[in-house]
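J.:
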Ligand SMILES: [Zn+2]
Ligand SMILES: [Zn+2]
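Residue numbers (our numbering): 16 to 326.
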């Protein structure tokens, strides 16, 4: 079954392809769960499971709340030490230094699903090869390609911030810390080198593997598979699976419709753990000027059924 030549690739992706893509991306994670289950009690213990979940969560909020909502879209404001902490945690996800991450993501929003989008799954030509090549390119292929020239023009604000430049320049240190910390905890808790090795594997390598694929899926799956309540100019989608796994980032059509919103899950059932964390920090007085569009400020009843908007 081929994709018709000359059809607009944005609308010609058949359901079996989209579902197949989702399975291809989720299966390795399912495989990991099976591996963890089969190793339980021999090479995977409670300490490792806790390290995996905690380190994944810390790196995830560093990426979603820090790199994405705070630094890229400035959807809220906070104190400098908290900016520093989010910069460090985001760096632990090993997705590259802060400034480059922000520049590429701002470019993605400016040219979303157009020729100059750094990681669109829709600009790889027609037919089956174009479809599958596009998925590969959006998921991780783009990482192996040279950056577009002039990325610096996207990050003038962060260049002026000496603290953020320092977080950026020390990226490799923060990334290594993301492995040293779980290894040290694993070793201290168990009192063995084997425990340190398992902490490094589960809290470091496995955590990074899952985090990478979940984040990359926002670029690939969430521009292919899911609902589009807002008629944005791109192919962004709301995808429930990655709404949960990526702490709210999977409500990607909402996000492209309102990029500066600190809240990505607009309806009450669209779980957005990053926004929950931002609300808790606001309640504690740690963040302020939290930007949320009017569509989210309606009554709770209307939040269940926001009217689709043209943007
Ligand atoms: Zn996008
Ligand atoms: Zn964004």
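Ideal Cβ positions, reconstructed from N, Cα and C, are used throughout, including at glycine.
Could you tell me which residues DSSP puts in a beta bridge with residue 264?
T.: The partner list for residue 264 (beta bridge, DSSP) is empty, contrary to what the question assumes.
J.: If you compare alpha carbons, which of 137, 272 and 299 is closest to residue 311?
T.: Selected option, being the one with the closest Cα: 272.
J.: Have a look at residue 58 and residue 150 and give me their C-alpha separation to the nearest angstrom.
T.: Going by the C-alpha atoms only, they are around 34 Å apart.
J.: Could you tell me whether the segment 211-218 touches the segment 184-198, using the rule of 3 or more Cβ pairs below 8 Å?
T.: Touching, per the Cβ criterion.
J.: What first and last residue would you give for the alpha helix (DSSP H) that runs through residue 227?
T.: Counting along the chain, the alpha helix (DSSP H) containing residue 227 begins and ends at 222-234.
J.: May I have all residues whose beta carbon comes closer than 6 Å to any heavy atom of ligand 1, sorted in chain order?
T.: Residues flagged by the Cβ proximity filter: 123, 127, 238, 251, 267 and 271.
J.: Under 7 Å, do residue 137 and residue 264 count as touching if we go by C-beta distance?
T.: Their beta carbons are not under 7 Å apart, which means residue 137 does not touch residue 264 by this criterion.
J.: Go through the segment 59-118 residue by residue and report every complete run of the beta strand (DSSP E) that reaches 3 residues or more, in order.
T.: Complete beta strand (DSSP E) runs here, min 3: none at all.
J.: Helix, strand or coil: how does DSSP classify residue 251 here?
T.: DSSP places residue 251 in coil when its eight states are reduced to three.
J.: Taking its Cβ as the centre, do 16 or more other Cβ atoms sit within 10 Å of residue 300, making it buried, or is it exposed?
T.: Result: exposed.
J.: In whole angstroms, what separates the C-alpha of residue 38 from that of residue 104?
T.: Near 29 Å, if we compare the C-alpha coordinates of residue 104 and residue 38.
J.: For the alpha helix (DSSP H) containing residue 154, name the first residue and the last one.
T.: Where residue 154 is concerned, the enclosing alpha helix (DSSP H) stretches over 142-154.
J.: For residue 134, which residues from the same chain have a beta carbon less than 6 Å from its beta carbon, with the 5 sequence-adjacent residues on both sides left out?
T.: For residue 134, where only same-chain residues beyond five positions count, the Cβ hits under 6 Å are 153, 157 and 234.
J.: Evaluate contact between the segment 66-82 and the segment 244-259, counting only Cβ atoms and requiring at least three cross-stretch pairs below 8 Å.
T.: No, the segment 66-82 does not touch the segment 244-259.
J.: Please state if the CB of residue 304 and the CB of residue 86 are separated by a distance shorter than 7 Å.
T.: Result no, Cβ atoms of residue 86 and residue 304 do not sit closer than 7 Å.
J.: First and last residue of the alpha helix (DSSP H) that includes residue 290?
T.: Here the alpha helix (DSSP H) through residue 290 covers 288-298.
J.: So what's residue 351 in DSSP terms, helix, strand or just coil?
T.: Residue 351 lies beyond the residue range present for the chain, which begins at 16 and ends at 326; the question has no answer from this structure.
J.: What residue range is occupied by the uninterrupted alpha helix (DSSP H) comprising residue 197?
T.: Where residue 197 is concerned, the enclosing alpha helix (DSSP H) stretches over 186-205.
J.: So for residue 135, helix, strand or coil by DSSP?
T.: If DSSP states are grouped into helix, strand and coil, residue 135 belongs with coil.
J.: Need the endpoints of the alpha helix (DSSP H) that residue 211 sits in, please.
T.: 208-214 is the span of the alpha helix (DSSP H), which, as asked, contains residue 211.
J.: Compare the Cα-Cα distances from residue 238 to each of 244, 245, 268 and 175 and report the closest residue.
T.: Minimum Cα distance to residue 238 is reached at 268.
J.: Run through DSSP, which three-state label would residue 182 get?
T.: If DSSP states are grouped into helix, strand and coil, residue 182 belongs with the helices.
J.: From the DSSP secondary-structure annotation, give me the bridge partner or partners of residue 302.
T.: 93, per the DSSP bridge assignment.
J.: Alpha carbon to alpha carbon, how far is residue 75 from residue 102? Give it in angstroms, no decimals.
T.: When rounded, the distance between both Cα atoms is 12 Å.
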